[in-house]
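Inspection log for the structure reproduced underneath, given as structure tokens.
In this note's numbering, the protein residues as written are 538 to 788.
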């Protein structure tokens, strides 16, 4: 079935070039984040993963998406050899993200060029005034540039979006990338389900209704409070590798 995403080409580009590619509204939000002292930490430990899982689940549930059980989520993340980060304000965690490598061949492009894609992007809405989501995207761009990767892929783009997905698409469009369409193999029934939801409004709303029911059930199964696992507590000391401020290493 057909899929879509946005890919930002980074080949031969500097930080200044990328900054100019981004829409003015995004640059303004990134500057707000910096002025409010947001920074990111590169961390990895079992406690860090549990906190990230809690934050990510809270965001998924608020977005009416069913979260995975912890073991399944951890296997999914670790299989991609992802790099883990927190977005911080002072000593509080306000968001988290995980990045992994991916080839252009995944998107049906005849090239071995390697880029970065997000595995987890999650911020806590009570900190939205500090623009952590924009800052997280900017940090991902800086990470990709410093690692000399060829591109940054933004983790999907909805075809024929409805509801809040229209806003997510618009947000991703403002980062200077291009929409790329590609095909992935699905089982017959799964591919049919995707097409019905994408093309027929009745199936879209039925899918939303079923997600709400599943969300309530999954909360009980996972025995997880709505806010997740201690999302505001600082990362474990043994997990912190490097502190960064707006892309600059804090010494």
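Idealized CB from N, CA, C, for every residue including glycine. In this text the structure is predicted, and so the values were computed from the model without any measurement.
With a CB to CB cut of under 8 Å and the five nearest residues on each side skipped, what residues in its chain are close to residue i?
i: residue 556; result: 564
i: residue 701; result: 600
i: residue 653; result: 636, 637, 638, 639, 677, 680, 681, 684, 686, 688, 689, 690
i: residue 543; result: 690, 691, 694, 709, 710, 712, 714, 715, 716, 717
i: residue 720; result: 538, 539, 540, 645
i: residue 551; result: 682
i: residue 611; result: 586, 590
In this structure, does DSSP put residue i in helix, strand or coil?
i: residue 546; result: strand
i: residue 652; result: strand
i: residue 690; result: strand
i: residue 724; result: coil
i: residue 661; result: coil
i: residue 539; result: strand
i: residue 685; result: coil
i: residue 645; result: coil
i: residue 554; result: helix
i: residue 675; result: helix
i: residue 709; result: helix
i: residue 703; result: helix
i: residue 604; result: coil
i: residue 780; result: With a pLDDT of 36 at residue 780, under the threshold of 50, the modelled position of this residue cannot be trusted; read the value that follows with caution. In the structure shown, residue 780 sits in a strand (DSSP, three-state: E or B).
Between residue i and the rest of its own chain, which residues show a CB-CB distance below 6 Å, the 5 nearest in sequence each way excluded?
i: residue 633; result: 589, 592, 623, 659
i: residue 648; result: 641
i: residue 607; result: 590
i: residue 670; result: 660
i: residue 596; result: 659
So, under 8 Å CB-CB, residue i and residue j are touching, yes? Tell me the CB distance rounded to an integer number of Å.
i: residue 678; j: residue 691; result: Their Cβ separation, rounded to whole angstroms, is 10 Å, which puts residue 678 and residue 691 out of contact at 8 Å.
i: residue 573; j: residue 667; result: 4 Å
i: residue 617; j: residue 558; result: With a Cβ gap of about 26 Å, residue 617 and residue 558 do not count as contacting.
i: residue 697; j: residue 727; result: Actually they do not touch by this definition, with Cβ atoms about 18 Å apart.
What residue range does the beta strand (DSSP E) around residue i cover?
i: residue 567; result: Segment 561-572 is the alpha helix (DSSP H) holding residue 567; no beta strand (DSSP E) there.
i: residue 716; result: 715-720
i: residue 624; result: 620-626
i: residue 696; result: Element bounds for residue 696: n/a, residue is neither H nor E.
i: residue 638; result: 629-640
i: residue 576; result: 575-580
Would you call residue i buried or exposed, if buried means 16 or more other Cβ atoms sit within 10 Å of its Cβ?
i: residue 664; result: buried
i: residue 761; result: Residue placement at residue 761 cannot be trusted, given a pLDDT of 49 that sits under 50; the coordinates are not used to answer.
i: residue 609; result: exposed
i: residue 707; result: exposed
i: residue 560; result: exposed
i: residue 585; result: buried
i: residue 729; result: exposed
i: residue 577; result: buried
i: residue 547; result: buried
i: residue 553; result: exposed
Starting from residue i and walking both ways along the alpha helix (DSSP H), at which residues does that stretch end?
i: residue 591; result: 583-599
i: residue 613; result: 607-616
Return no unless some Cβ of chain C is closer than 8 Å to the Cβ of residue i.
i: residue 609; result: Among the protein chains of the structure shown there is no chain C, as only one such chain exists.
Excluding the 5 residues preceding and the 5 following residue i in the sequence, name in chain order all residues of the same chain whose CB lies nearer than 7 Å to its CB.
i: residue 672; result: 567, 570, 575, 624
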